[in-house]
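Asker: The structure follows.
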Amino acid sequence: MAVGGFGGVDGPVSSFNGKITASVVITCIVAASSGLIFGYDIGISGGVTTMQPFLQKFFPSVLRKAAEAKTNIYCVYDSQVLTSFTSSLYIAGLAASLVASRLTAAIGRRNTMVLGGLTFLAGAAINGGAANVAMLIFGRILLGFGVGFTNQATPVYLSEVAPPRWRGAFSTGFQFFIGIGVVAANCINYGTAKRSWGWRLSLGLAVVPAAIMTIGALLISDTPSSLIERGKVEQARHSLRKVRGKDCDVEAELAELKKASDVANEAKREPFVTIFERQYRPHLVMSIAIPFFQQLTGINIIAFYAPVLFQSVGFGNDSALIAAIILGLVNLASILVSTGVVDRFGRRFLFLEGGIQMFVCQVCFCSCYFPIRRSYTHCQGRTKESQGLGPQAISKSMLVGKFVKVGVAVLLAVTTGVSGTKEISKGYAILVLVLMCIYAAGFGWSWGPLSWLIPSEIFPIKIRSTGQSISVAVNFATTFVLSQTFLTMLCHFKYGTFLFYAAWIASMTIFVALFLPETKGIPLDSMNSVWEKHWYWRRFVSG
1 MAVGGFGGVD
11 GPVSSFNGKI
21 TASVVITCIV
31 AASSGLIFGY
41 DIGISGGVTT
51 MQPFLQKFFP
61 SVLRKAAEAK
71 TNIYCVYDSQ
81 VLTSFTSSLY
91 IAGLAASLVA
101 SRLTAAIGRR
111 NTMVLGGLTF
121 LAGAAINGGA
131 ANVAMLIFGR
141 ILLGFGVGFT
151 NQATPVYLSE
161 VAPPRWRGAF
171 STGFQFFIGI
181 GVVAANCINY
191 GTAKRSWGWR
201 LSLGLAVVPA
211 AIMTIGALLI
221 SDTPSSLIER
231 GKVEQARHSL
241 RKVRGKDCDV
251 EAELAELKKA
261 SDVANEAKRE
271 PFVTIFERQY
281 RPHLVMSIAI
291 PFFQQLTGIN
301 IIAFYAPVLF
311 QSVGFGNDSA
321 LIAAIILGLV
331 NLASILVSTG
341 VVDRFGRRFL
351 FLEGGIQMFV
361 CQVCFCSCYF
371 PIRRSYTHCQ
381 GRTKESQGLG
391 PQAISKSMLV
401 GKFVKVGVAV
411 LLAVTTGVSG
421 TKEISKGYAI
431 LVLVLMCIYA
441 AGFGWSWGPL
451 SWLIPSEIFP
461 IKIRSTGQSI
471 SVAVNFATTF
481 VLSQTFLTML
491 CHFKYGTFLF
501 YAAWIASMTI
511 FVALFLPETK
521 GIPLDSMNSV
531 WEKHWYWRRF
541 VSG
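Encoded structure:
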């Protein structure tokens with residue numbers, strides 16, 4: 001088993017790997033459904049901000065600016081009004097994810113998921129009945145807290161419950177349900193876009209996925225690790241026997257979990273202090289680098305251009321929503337591929353394959369320049385009116401299935417010209433459509449699901465909740481910064497923005513090749529061995 005950037009070693013073989021039982025499958029599916037609320041918010045909020053009635057009621061200045069926009073496609077939506085509004089979720093999510101570290105340790109993974117679901121449900125109800133901007137922002141802050149709690153607790157829950165041999169496959173379920181939420185939300189937006197009250201229905205229906213995941217979480221037990229951590233050994237034994245199978249001897253695994261918990265309790269140190277110790281340096285680096293790189297794949301760019309692209313190939317006035325649905329479906333399919341191969345070929349293989357796939361296409365895009373004859377003004381009216389693409393679409397794209405890549409944006413940039421005043425021809429739009437789907441697939445089976453999996457499985461139990469909290473917080477913080485700066489950056493640097501993101505794709509692929517060890521099939525309590533045998537990280541953890 002390869003665990004380092006160069007060469008490979010054999011990882012420990014667990015005597016209690018466990019088997020796939022109906023109980024563990026159902027438990028993991030129910031837990032992974034927590035991703036529905038995150039995905040639904042990603043899909044619904046972007047679509048709502050393309051609806052004229054919503055903008056007229058809450059943000060009329062955005063419509064006025066769009067009406068006065070010039071022909072430069074890069075600067076049409078250089079407005080921070082809606083961007084600031086949508087970014088409130090990321091700030092709330094960041095704060096909640098840090099608080100969730102203590103919550104999951106005190107009340108358990110499952111109860112934190114329930115709390116997140118209830119908080120999200122309250123926020124959805126407030127947004128659906130919002131009468132002013134203050135209500136919208138308050139509701140969105142509650143949504144952020146709900147997403148922050150669930151995004152912190154769910155990946156850890158899945159990693160602790162799943163059998164080590166199949167942990168990757170079960171953990172990708174969280175990303176899969178995020179994708180389902182995105183597609184469902186976009187379908188709802190498509191059906192409500194032409195109605196004056198459609199935005200209320202779209203926002204209010206967020207209570208449905210919130211109710212589904214909350215009820216589901218109430219029906220499952222907490223993880224054995226969490227129960228032992230809180231001194232509930234008998235409940236942990238029952239929970240472990242339930243997910244491993246009644247005929248399975250769980251005493252050996254239970255003893256290992258109890259031993260790890262006892263070591264953690266003996267230390268009696270603040271987890272946020274412990275995690276900065278030298279021996280946990282590789283864990284900390286990965287918990288920061290993986291979510292940071294995930295956002296810097298350039299996923300915020302493509303949504304800006306997708307409506308123009310799909311309109312060019314004949315999708316008509318609802319191109320923005322149809323584009324999101326199609327890409328969401330491609331994302332779902334690619335996540336299923338990841339589920340099937342992540343525990344067979346490993347995490348590193350998928351990371352490297354996805355990175356190389358993106359980079360090769362990026363080089364192809366950058367080497368092309370096609371002069372386009374039609375001017376942007378030919379479709380400017382349709383772009384403003386039927387697309388209705390606003391800053392939230394950019395924010396939405398940063399998370400929508402986590403699947404869009406910077407290469408497509410580069411090709412779109414060069415084909416629209418340096419000044420951004422040209423439109424893509426139908427022929428090249430079809431080519432870009434195909435390449436966009438390739439990117440969607442590449443991200444869907446690599447940086448999408450694995451960015452949740454890796455941080456949830458590399459930490460020892462005493463700092464596992466803290467490590468996951470840092471990872472989720474970095475994700476929200478990076479999303480917030482990019483959502484606040486992308487439009488201005490795009491306006492001033494034009495296609496140079498895309499080259500900036502392209503460089504990050506190469507950098508993150510090299511980082512994974514050199515510094516990320518292979519973790520497939522390794523029991524959580526034996527994970528330290530992969531760092532001890534890594535060519536670089538062993539200097540921090542050895543001894």
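According to our numbering, the residues represented by the sequence shown are 1 to 543, in order. Glycine residues also receive a C-beta, built at the ideal position from the N, C-alpha and C atoms.
State buried or exposed for P60, treating a residue as buried only when at least 16 other CB atoms are found within 10 Å of its CB.
Answerer: With fewer than 16 Cβ atoms within 10 Å of its Cβ, P60 is classed as exposed.
Asker: So what's G245 in DSSP terms, helix, strand or just coil?
Answerer: It is coil, neither helix nor strand.
Asker: Can you round the beta-carbon distance between S97 and G35 to whole angstroms, since I take them to be within the 8 Å contact cut?
Answerer: S97 to G35, Cβ: 15 Å. No contact.
Asker: Going by C-alpha distance, which of G467, Q294 and I322 is nearest P282?
Answerer: Minimum Cα distance to P282 is reached at G467.
Asker: Compute the Euclidean distance between the alpha carbons of A185 and E270, then round it to the nearest angstrom.
Answerer: Answer to the nearest angstrom: the Cα atoms are 40 Å apart.
Asker: Would you give the residue range spanned by the alpha helix (DSSP H) that Q279 belongs to?
Answerer: It is not in any alpha helix (DSSP H) - Q279 carries neither H nor E in the DSSP assignment.
Asker: Applying the criterion that 16 or more other CB atoms from any shown protein chain within 10 Å of the CB defines a buried residue, is N132 buried or exposed?
Answerer: The residue is exposed, with fewer than 16 neighbouring Cβ atoms inside 10 Å.
Asker: Which one of I26, I461 and L55 has the shortest CA to CA distance from S196?
Answerer: When each option's Cα is compared against that of S196, the closest is L55.
Asker: Could you tell me if V472 is buried or exposed, where buried requires 16 or more neighbouring beta carbons within 10 angstroms of its beta carbon?
Answerer: Looking at its Cβ environment, which holds 16 or more other Cβ atoms inside 10 Å, V472 is buried.
Asker: Mind checking which residues open and close the alpha helix (DSSP H) that includes I454?
Answerer: Counting along the chain, the alpha helix (DSSP H) containing I454 begins and ends at W447 to E457.
Asker: Could you pull the start and end residues of the alpha helix (DSSP H) that N132 belongs to?
Answerer: Note, N132: premise wrong, no alpha helix (DSSP H); not H, not E.
Asker: Label G47 either buried or exposed according to how many other C-beta atoms from any shown protein chain fall within 10 Å of its C-beta, with 16 as the threshold for buried.
Answerer: G47 comes out buried.
Asker: Should G216 be labelled buried (16 or more other beta-carbon atoms within 10 Å of its own) or exposed?
Answerer: Buried, because 16 or more other Cβ atoms sit within 10 Å of the Cβ of G216.
Asker: If you reduce the DSSP assignment to three classes, tell me which class T222 lands in.
Answerer: The sequence given here has Asp at residue 222, not Thr. It is coil, neither helix nor strand.
Asker: Does the separation of the CB atoms of V285 and T214 fall below 7 Å?
Answerer: No, Cβ-Cβ distance for V285 and T214 is not below 7 Å.
Asker: What number of angstroms, rounded off, separates the C-alpha of S542 from the C-alpha of R200?
Answerer: The straight-line gap from Cα to Cα measures roughly 57 Å.
Asker: Cα separation between G139 and Y536?
Answerer: Taking the straight line joining both Cα atoms gives about 46 Å.
Asker: Is the beta carbon of K462 sitting closer than 7 Å to the one on A264?
Answerer: A contact, by the Cβ cut-off of 7 Å.
Asker: Roughly how many angstroms separate the alpha carbons of V406 and K520, rounded to a whole number?
Answerer: Since pLDDT at V406 reaches only 45, below the 50 mark, its modelled position is unreliable, and no value is offered.
Asker: CA-CA distance, G108 and P209?
Answerer: If I take the Cα positions, the gap works out to 22 Å.
Asker: Going by the CB atoms, is the gap between P155 and F170 shorter than 7 Å?
Answerer: No. Outside cutoff.
Asker: When we look at the beta-carbon of S456 and count the other beta-carbons within 10 Å, is it buried (16 or more) or exposed?
Answerer: Label assigned to S456: buried.
Asker: Assuming contact is defined by CB atoms lying nearer than 7 Å, are A206 and A134 in contact in what I supplied?
Answerer: Cβ atoms of A206 and A134: not closer than 7 Å.
Asker: Pick out whichever of N151, G181, V273 and M358 has its Cα sitting closest to the Cα of R110.
Answerer: Closest option to R110, Cα to Cα, is N151.
Asker: Assign T50 to one of three DSSP states: helix, strand, or coil.
Answerer: Here T50 sits in coil by DSSP.
Asker: Please go through the same chain and pick out, in chain order, the residues whose beta-carbon is closer than 6 Å to the beta-carbon of F476, but skip the five residues on each side of it.
Answerer: The residues are Y90, G93 and L94.
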